[in-house]
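Worksheet: one structure, shown below.
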Amino acid sequence: MTKPPDQLRRALDPGSIALIGASENPNKVGGRPLLYLQRFGYRGRIYPINPNRGEVQGVKAYPDLASLPEAPDLAIVMVAGEAAAAAVEACARRGVKLAICMASGFGETGAPGKAAEQAMAATARAHGMRLVGPNSQGLVNFGTGTVASFSTMFLEAAPADGPVAIVSQSGAMSAVAYGLLRGRGIGVRHCHATGNDADVGVAELARAVIEDEGVRLMLLYLETIPDAAMLAAVAARARQRGVPIVALKTGRTAQGQRAAQSHTGALANEDRTVDAFLRQHGIWRARDMAGLVGAAELYLKGWRPQGRRLVAISNSGASCVMAADLASDLALPLAVFAEATRRDLAAALPGFATTRNPIDITAALLSNNRLFGAILPIVAKDPAADLFFIAIPVAGQGYDVDAFARDTADFAAATGKPVAVAAPQAAVAERFRAAGLPTFADETDAVLALDQLARHWALLRRPAPPALAHHAVAVPAGRGRFLNEAESLALLAAHGLPVVPHRLCRSEAEARIAFRDLGSPVAVKACSADVPHKSELGLVALGLVSEAAVVEAFAAQLAKLEEIGAEPDGIIVASMAQGQRELVLGARLDPVFGPVVMIGDGGKYVEALPDIELLLPPFAPEEAVEAILRLRIAPILRGVRGEPACDIEALAQAVARLGAIIAAARGRIAAIDLNPVLVGAAGQGLTVLDALVERAEPAAI
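Under the working numbering, the first residue of the sequence shown carries the number 234, and numbering increases by one thereafter.
Here's what the structure looks like:
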């Protein structure tokens, strides 16, 4: 795997830093990085640049870059507008390895700003310098004291070096994540904000950060993913190192995408494709900032649950009920205890307490503070338990909370299984935290964190996608963007997809023969590369049961093609296949993520009630089955109300084959649309009834 560029590695631990626009006032953008570098232990050489001062914040200043005794490893550009562009150029000419441009007013403002930003990046590249920004809040590595940032958050929440890395396109969101983690006592080593990503993008910077051996959890804030291949490389390296990655990718909605574009000046990504990409590479996608940091303590404990069966224990029946509801909402199965476990619990608990899961130990905990210590070893021996949730909604005088925390910590250490505690009382929570236990203010946050940990490690345990073993796909030459239907069906059939029996007919005589060979009933469809969508033009006739009807439809459709000025390639006569459910399959080339495959419910309501899942090749049929079972119609596909289950295995094979086809086309196919695909009952397979293959534009090949 390619190592990150030397400039990026040096930027995280530079030997020297120039501060262009250095200010005496530490509360200004130009003054704060200098304050931080001195306060937080930077060990390298600092060169403030200010033509009007001989000294800035007690450090010798220089009038310009040319006056420096060396070309610095890192330069922080803290001047605005045209002065920023000039400073970046001066840095590039001086031999600076990497410059951080903090100035705003570039790509996020529109086309002129974008052009200026691109020119700045081009200047840097021409001289071998890398550029972070513009519109960057800065780079921070508390492990080396390189705090090249103007964020106020480091004054509000004192830094502590730790195992977490934050890499963000937004300065504000990097600071928010940092503040939330520090508020929970979690140390943060890296806190980087790349801004507009004109040159160094968030993924490339993350690629450098993931090599830091002190990092055990990476958090990403993304508004766009311009370099999917680099992010995939980050994920692969993180897997090698056993470092989970959690990402908050915003712009999930059309409004959010517009907002992201105005914020960073970057193009937004289609959200369902982002979901598929992150899932494929084992990156957990958080929906909000709370979700980004919510499970951090559980990850950092090093727990890797092998299953998702939950045990809930509380001294409150209400907390037990809430835990059961949450588990149901999240499809977390409650562990079913073995009979021996229940027998031992019954001996330890008062007679009115429950020995089923969730375990309500009742208010008896007040009179017997050893109940926790008594039941936890019993539960620990039960093989059905994977995750443990403990709720102490109320405790105080008379409760030996220190003993509860100590017993729970001993239990967690003995089992090596994840434990999350919910304790809304600050004094109670503090005792559990002091014992090294992940502790949350309420039941919801605790159970959500356990669910995330279990699901994420299940993703990370999945084997790497299989290599694509598929012979090259040749796309026939022809006019226009689209293959006609007959060509499309032939291409799919040649690569193993089951297509409807059909004949391409160029005369009424051929149509008659086709009808006799295929048998009644048949469908008759016009075939022309000029008409990719036929139904709305009256170019499809279904359920024809006589030669006369076939001949009549043949003539009518040729006449219609002539009327609309479309060149006829023939008329298709096809069997009317039988099946149980109509679905749609598709594949397309995404400009960022490459080949993408879609599975969805079919029928006339498909646009009004979209129900689709996406996959990115390469993937195994087993992953296609998982995607199929995520569809809202999955219960119908499994069989309901006496109907047999659909042939999900055959469908998954077809989905995997479709992914292999578009990947093996190597950019020659822009899209494939299979609609409808008729799936039979289990064991009966499926049939592609209609297909449309779109050639890629020459520039995309």
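The C-beta atom is built at its ideal place from N, Cα and C for all residues, glycine as well.
Query raised in the report: Exposed or buried, residue 291, counting other C-beta atoms within 10 Å across all chains shown (16 or more means buried)?
Result: Taking the sequence shown and counting its residues from 1, the one referred to as residue 291 is at position 58. Label assigned to residue 291: exposed.
Report task. Note down, in chain order, each residue of its chain lying with its Cβ closer than 7 Å to the Cβ of residue 731, except the 5 sequence neighbours on either side. Result -> Within the sequence shown, numbered from 1, the residue matching residue 731 stands at position 498. Here the set comprises 918, 919, 920 and 921.
Requested in this report: Note the first and the last residue of the continuous alpha helix (DSSP H) segment covering residue 552.
Outcome: For this step, residue 552 is matched to residue 319 along the sequence shown. Counting along the chain, the alpha helix (DSSP H) containing residue 552 begins and ends at 550 to 562.
Requested in this report: Take every Cβ of the region 852 to 865, pair it with every Cβ of the region 802 to 813, and state whether three or more of those distances are shorter than 8 Å.
Outcome: no
Report task. Would you mind giving the Cβ-Cβ distance between residue 617 and residue 542, rounded to the nearest angstrom? I have them listed as a contact below 8 Å. Result -> Taking the sequence shown and counting its residues from 1, one reaches residue 617 at position 384. Taking the sequence shown and counting its residues from 1, one reaches residue 542 at position 309. Yes, residue 617 and residue 542 are in contact; Cβ-Cβ is about 6 Å, under 8 Å.
Report task. Along the alpha helix (DSSP H) that carries residue 677, what are the first and last residues, could you check? Result -> In the sequence shown, residue 677 corresponds to position 444, counting from 1. Counting along the chain, the alpha helix (DSSP H) containing residue 677 begins and ends at 676 to 694.
Query raised in the report: Quick one: what's residue 547 bridged to in DSSP?
Result: Position 314 of the sequence shown, counted from the start, is the residue given in the question as residue 547. Bridge partners of residue 547: 593 and 624.
Requested in this report: In angstroms with no decimal places, state the Cα-to-Cα distance between residue 581 and residue 572.
Outcome: Position 348 of the sequence shown, counted from the start, is the residue given in the question as residue 581. Position 339 of the sequence shown, counted from the start, is the residue given in the question as residue 572. Cα to Cα, the separation comes out at about 14 Å.
Query - Nearest candidate by alpha-carbon position, reference residue 836, set 391, 240 and 816 - result: Along the sequence shown, read from residue 1 onward, the residue named residue 836 stands at position 603. Closest by alpha carbon: 816.
Query raised in the report: Who are the Cβ neighbours of residue 318 in its own chain at under 6 Å, not counting the five residues just before and after it?
Result: Working through the sequence shown from its first residue, we reach residue 318 at position 85. So the list reads 353, once near-sequence residues are dropped.
Report task. Excluding the 5 residues preceding and the 5 following residue 664 in the sequence, name in chain order all residues of the same chain whose CB lies nearer than 7 Å to its CB. Result -> Stepping through the sequence shown from its first residue, residue 664 is reached at position 431. So the list reads 634, 635 and 638, once near-sequence residues are dropped.
Query raised in the report: When DSSP builds the beta bridges, which residues end up paired with residue 758?
Result: Sequence index remark: in the sequence shown, residue 758 carries index 525 (1-based). Looking at the DSSP assignment, residue 758 forms a beta bridge with 773 and 805.
Query raised in the report: Within the chosen definition, does the region 775 to 786 reach the region 739 to 757 through at least 3 CB pairs nearer than 8 Å?
Result: yes
**Report entry** Nearest-angstrom beta carbon gap, residue 847 and residue 506 [assumed within contact, 8 Å]
**Finding:** Sequence index remark: in the sequence shown, residue 506 carries index 273 (1-based). Sequence index remark: in the sequence shown, residue 847 carries index 614 (1-based). Confirmed, about 6 Å.
Requested in this report: Pick out whichever of 910, 477 and 287 has its Cα sitting closest to the Cα of residue 687.
Outcome: Along the sequence shown, read from residue 1 onward, the residue named residue 687 stands at position 454. Cα-wise, what sits closest to residue 687 is 477.
Report task. Verify the CB distance criterion: does residue 817 have a CB-CB separation below 8 Å to chain D? Result -> Here chain D cannot be found, since the structure has a single protein chain.
Query raised in the report: Just to confirm, are residue 563 and residue 684 a CB contact at a threshold of 8 Å?
Result: Taking the sequence shown and counting its residues from 1, one reaches residue 563 at position 330. Taking the sequence shown and counting its residues from 1, one reaches residue 684 at position 451. Yes. Within cutoff.
Query raised in the report: Under 8 Å, do residue 527 and residue 693 count as touching if we go by C-beta distance?
Result: Residue 527 sits at position 294 when you count from the first residue of the sequence shown. Residue 693 sits at position 460 when you count from the first residue of the sequence shown. Contact: no.
Query raised in the report: Are residue 465 and residue 451 close, meaning C-beta to C-beta below 8 Å?
Result: As a first step, residue 465 is located in the sequence shown; it is residue number 232 there, counting from the start. As a first step, residue 451 is located in the sequence shown; it is residue number 218 there, counting from the start. No, the Cβ-Cβ distance between residue 465 and residue 451 is not below 8 Å.
Query - Whether residue 255 touches residue 310 by CB criterion (8 Å) - result: Indexing the sequence shown from 1 puts residue 255 at position 22. Indexing the sequence shown from 1 puts residue 310 at position 77. Going by C-beta atoms, residue 255 is not nearer than 8 Å to residue 310.
Report task. Would you identify the three-state DSSP class for residue 862, choosing helix, strand or coil? Result -> Taking the first residue of the sequence shown as position 1, residue 862 is located at position 629. Helix, per DSSP.
Query raised in the report: Below 8 Å between beta carbons: does that hold for residue 245 and residue 377?
Result: Locating residue 245 in the sequence shown gives position 12, counting from the first residue. Locating residue 377 in the sequence shown gives position 144, counting from the first residue. Contact: yes.
Requested in this report: Can you grab the Cα-Cα spacing for the pair residue 629 / residue 661, in whole Å?
Outcome: In the sequence shown, residue 629 corresponds to position 396, counting from 1. In the sequence shown, residue 661 corresponds to position 428, counting from 1. Their backbone Cα atoms lie some 8 Å apart in a straight line.
Query raised in the report: Hey, quick one: how far does the alpha helix (DSSP H) through residue 454 stretch, first residue to last?
Result: Numbered from its first residue, the sequence shown carries residue 454 at position 221. Looking at the DSSP string, residue 454 is not in any alpha helix (DSSP H); the run it does join, the beta strand (DSSP E), is 450 to 455.
Query raised in the report: Do you know offhand how far residue 738's Cα is from residue 788's?
Result: Within the sequence shown, the letter at position 505 stands for residue 738. Within the sequence shown, the letter at position 555 stands for residue 788. Distance between the alpha carbons of residue 738 and residue 788 is about 12 Å.
**Report entry** Limits of the beta strand (DSSP E) - the one that residue 482 falls within
**Finding:** Counted from its first residue, the sequence shown places residue 482 at position 249. Unbroken beta strand (DSSP E) run through residue 482: 478 to 482.
Report task. Might you give, ordered along the chain, the residues of its own chain that have their beta carbon closer than 7 Å to the beta carbon of residue 263, omitting 5 neighbours on each side? Result -> Start at 1 with the first residue of the sequence shown, and residue 263 comes out as number 30. Hits under 7 Å: 254, 255, 256 and 311.
Query raised in the report: Taking the Cβ atom as the reference point for each residue, do residue 280 and residue 295 lie within a distance shorter than 8 Å?
Result: The residue given as residue 280 occupies position 47 in the sequence shown. The residue given as residue 295 occupies position 62 in the sequence shown. Closer than 8 Å, so yes.
Query - Minimum length 4: unbroken alpha helix (DSSP H) runs contained in the region 773 to 842 - result: 780 to 797
**Report entry** Own chain partners of residue 330 with C-beta closer than 6 Å, once the 5 adjacent residues on each side are dropped
**Finding:** Translated into positions along the sequence shown, residue 330 becomes position 97. 240, 243 and 306, listed in sequence order.
Query raised in the report: What first and last residue would you give for the alpha helix (DSSP H) that runs through residue 380?
Result: Counted from its first residue, the sequence shown places residue 380 at position 147. Premise fails: residue 380 lies in the beta strand (DSSP E), 379 to 382, not in any alpha helix (DSSP H).
Query raised in the report: Can you give, in chain order, each stretch of the beta strand (DSSP E) that sits fully within the region 705 to 741 and has at least 3 residues?
Result: 735 to 738
Report task. Return the residue from the list 522, 517, 518 and 566 that minimises the CA-CA distance to residue 540. Result -> For this step, residue 540 is matched to residue 307 along the sequence shown. Of 522, 517, 518 and 566, the residue nearest in Cα terms is 566.
**Report entry** For residue 280, the first and last residue of its enclosing alpha helix (DSSP H)
**Finding:** Locating residue 280 in the sequence shown gives position 47, counting from the first residue. Run containing residue 280: none in the alpha helix (DSSP H); it sits in the beta strand (DSSP E), 278 to 282.
Query raised in the report: Quick one: Cα of residue 898 to Cα of residue 808, how far?
Result: Here residue 898 refers to the residue found at position 665 of the sequence shown. Here residue 808 refers to the residue found at position 575 of the sequence shown. If I take the Cα positions, the gap works out to 29 Å.
Query raised in the report: Are there 16 or more other CB atoms within 10 angstroms of the CB of residue 779, so buried, or fewer, so exposed?
Result: Taking the first residue of the sequence shown as position 1, residue 779 is located at position 546. With fewer than 16 other Cβ atoms within 10 Å, it is exposed.
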